[in-house]
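Reading through the structure tokens given below for one structure.
Next up, the structure:
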């Protein structure tokens with residue numbers, strides 16, 4: 232018998248936990264950057280369409296798969312998917328639902344620890360009096376484990392361990408007393424902090440407190456629609472990708488949370504409520520903070536240049552400085568709110584990443600909640616240390632690419648095919664609508680069976696064979712030259728090899744050679760973890776056979 | 513702000529906020545199911561023992 236007797240405390244708690252799982256750092260750092268890079272206001276059209284035809288179907292699929300697995304006593308994806316398809320290999324597809332979470336948690340908790348550290352530094356006034364370069368240098372020294380301003384040796388590692396201990400302790404308290412309680416505190420706080428900062432973001436006035444632009448300049452930059460970009464497959468691919476990351480689908484966390492919902496309780500309305508809550512945080516709050524405030528103080532050209540390297544730089548190297556333009560007190564308060572908001576967004580997601588592993592150990596090996604939670608903490612620590620120690624060699628990015636990007640698409644594609652075609656849409660539809668508190672529109676049966684899998688296949692193939700410069704038109708008529716961001720060229724390290732071939736400085740050559748070594752080593756490590764988890768699933772399967780628990 | 517940006521922004525914000533509020537209110541106003549349900553907090557409420565019509 233499974234040692235897993237967990238339950239949710241309340242329906243609102245479950246929805247907040249699910250919304251917290253979806254709301255992450257990407258809502259504030261990735262979405263606005265993606266919008267700016269992909270047609271401004273016009274990006275919202277493919278984005279919302281992808282939400283309707285891919286995001287919502289995937290939410291319903293994952294919620295119903297989870298609840299279905301829960302009825303059979305399964306709380307992690309290997310045996311949830313195993314109950315839905317006759318082929319015994321399906322459970323190895325389900326390994327992705329544990330592996331992704333552990334690998335993503337390994338680097339995600341590191342960023343989460345930065346936010347914790349930056350909250351602390353905002354409180355003690357570390358950024359007060361620093362110019363923008365000073366704040367940027369602080370970040371550079373921090374991630375390279377340089378000199379600590381607190382006098383604490385290896386400060387990033389200390390905060391990383393603290394963050395992991397906090398996550399592990401909360402997880403050890405259980406679903407209702409740990410995860411749900413944090414979501415009930417964290418989500419309202421996140422929205423409150425977000426509303427305050429969004430208000431500041433949309434009320435900037437040029438000439439006041441050093442601002443060079445009104446907030447309308449930033450909002451124009453973000454929202455002015457460039458409808459010509461709607462014809463570009465790259466924009467649609469970016470929109471579909473953003474929907475993936477923002478909803479935390481294709482990870483196995485939604486299945487795990489939903490597996491604690493009883494068969495007669497609603498999932499369709501719950502999924503919609505959590506999904507739209509995530510959209511509110513992303514589109515309404517996320518769009519009103521990073522870009523408008525940055526452009527208000529730095530101007531469009533500078534920010535356009537900075538967003539090319541993503542939102543992390545703006546968030547950690549620029550905003551702490553900009554907040555202090557509002558005065559010492561408001562600067563410190565805004566710093567606490569901004570990094571506090573990111574921390575709540577992060578921890579509600581990282582807690583979700585812990586639950587599949589814990590559920591698996593409880594179900595299959597009768598582990599207690601506490602020991603399973605601490606084993607998660609240890610596993611993540613060991614896997615995460617390379618991202619901390621070898622950050623500059625690209626280990627962090629490598630984890631993010633394979634576990635946090637490619638794996639999500641692969642698992643979502645498989646689970647959609649399983650749900651719609653193997654388990655069958657007739658049974659699947661019954662699972663979605665069973666106990667539903669809303670009328671699920673009938674046309675979604677068609678969307679789930681045909682549109683969602685095709686869209687996912689297109690996203691996967693588009694990532695596998697991305698044409699050079701994202702120019703699909705040229706690729707169609709001419710030779711198909713792969714972009715260095717395509718999965719195929721990534722595997723071959725084409726980008727790094729090109730840089731190495733062009734490098735002349737011995738130090739740069741050495742750095743690139745090290746990068747190639749660490750990138751390959753990271754992949755081997757991640758693959759080894761996947762194989763180890765697959766072996767564990769195989770062991771659990773044999774144990775089930777011995778105990779006559781197969782279903 | 514320019515007109516097109518303003519229209520896109522306000523339409524999106526209204527749509528997303530409206531749907532978020534709509535679904536959350538729907539959750540809050542839907543009568544709970546009789547026990548046993550998925551949630552622990554309401555286990556001791558006597559009115560929950562009556563099947564929902």
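Residue numbers (our numbering), protein chains in the order written: chain A, 232 to 782; chain B, 513 to 565.
Backbone N, C-alpha and C define an ideal beta-carbon position, used for all residues, glycine too.
Check, Outcome
"Span of the alpha helix (DSSP H), counted from its first residue to its last, around residue 683 of chain A", "683 to 695"
"Limits of the unbroken alpha helix (DSSP H) element including residue 530 of chain A", "Unbroken run through residue 530 of chain A: none, as it is neither H nor E."
"Ordered list of alpha helix (DSSP H) runs contained in the segment 475 to 553 of chain A, each at least 4 residues", "484 to 489, 499 to 510, 521 to 529, 531 to 537"
"Ordered list of alpha helix (DSSP H) runs contained in the segment 550 to 622 of chain A, each at least 4 residues", "550 to 554, 559 to 596, 600 to 620"
"Under 8 Å between C-beta atoms of residue 282 of chain A and residue 510 of chain A", "yes"
"Chain A within 8 Å of residue 556 of chain B, Cβ atoms only", "no"
"Chain B contacts from the segment 528 to 556 of chain A (Cβ-Cβ distance under 7 Å)", "none"
"Residue 586 of chain A and residue 253 of chain A closer than 8 Å at C-beta", "no"
"Buried versus exposed, by CB contacts within 10 Å (16 or more), residue 707 of chain A", "exposed"
"Residues of the segment 442 to 471 of chain A with Cβ closer than 7 Å to any Cβ of chain B, in chain order", "447, 450, 451, 454, 455, 456"
"Within-8 Å CB hit, residue 495 of chain A to chain B", "yes"
"Boundaries of the alpha helix (DSSP H) in which residue 457 of chain A is found, first to last residue", "Careful: residue 457 of chain A lies outside any alpha helix (DSSP H) and carries neither H nor E."
"Endpoints, alpha helix (DSSP H) assigned at residue 660 of chain A", "656 to 664"
"Nearest residue (CA-CA) to residue 780 of chain A, options A:339, A:290, A:294, A:304", "A:304"
"Outcome for residue 455 of chain A when other beta-carbon atoms lying within 10 angstroms are tallied against a minimum of 16", "buried"
"Residues, ordered as in the chain, of the segment 759 to 771 of chain A that lie near chain C by beta-carbon distance below 9 Å", "Among the protein chains of the structure shown, namely A and B, there is no chain C."
"Within 7 Å of chain B by C-beta, residues of the segment 511 to 524 of chain A in sequence order", "511, 514, 515"
"Residue environment, residue 565 of chain B, which counts as buried when at least 16 other CB atoms sit within 10 Å", "Confidence is the limiting factor: at residue 565 of chain B the pLDDT is only 49, short of 50, which leaves the residue's position unreliable and the question unanswerable from this model."
"Residue 275 of chain A versus residue 299 of chain A: straight-line alpha-carbon distance, rounded", "34 Å"
"Cβ contact (3+ pairs, closer than 8 Å) linking the segment 612 to 630 of chain A and the segment 329 to 345 of chain A", "yes"
"For residue 582 of chain A and residue 413 of chain A, believed in contact at Cβ under 8 Å, the rounded distance", "6 Å"
"Where residue 565 of chain B sits in the DSSP three-state scheme", "Interpretation of residue 565 of chain B is limited by its pLDDT of 49, a score under 50 that renders its predicted location unreliable; no figure is taken from the coordinates."
"Selected residue, minimal CA-CA separation from residue 704 of chain A, among A:460, A:763, A:753", "A:460"
"Continuous alpha helix (DSSP H) stretch holding residue 324 of chain A: start and end", "321 to 324"
"Residue burial classification, residue 589 of chain A (beta-carbon count within 10 angstroms, cutoff 16)", "buried"
"Alpha-carbon to alpha-carbon, residue 721 of chain A and residue 695 of chain A", "9 Å"
"Contact check, residue 687 of chain A vs residue 637 of chain A, beta carbons under 8 Å", "no"
"Burial state of residue 766 of chain A, where buried means 16 or more other Cβ atoms lie within 10 Å", "exposed"
"Chain B within 8 Å of residue 242 of chain A, Cβ atoms only", "yes"
"Short Cβ contact (8 Å threshold) for residue 311 of chain A with residue 591 of chain A", "no"
"Touching by the beta-carbon criterion (3+ pairs, under 8 Å), the segment 417 to 437 of chain A and the segment 522 to 531 of chain A", "yes"
"Cβ contact check for the segment 417 to 426 of chain A and the segment 483 to 503 of chain A: 3 or more pairs under 8 Å", "no"
"The segment 650 to 661 of chain A contacting the segment 312 to 324 of chain A, beta-carbon criterion three pairs below 8 Å", "yes"
"Residues of its chain near residue 437 of chain A, where Cβ-Cβ distance is below 7 Å and the 5 sequence neighbours each way are ignored", "443, 444, 445"
"Chain A within 8 Å of residue 565 of chain B, Cβ atoms only", "For residue 565 of chain B, the predicted model reports a pLDDT of 49, less than 50, meaning its position is unreliable; a value from the coordinates is still stated below. So no, residue 565 of chain B is outside the interface."
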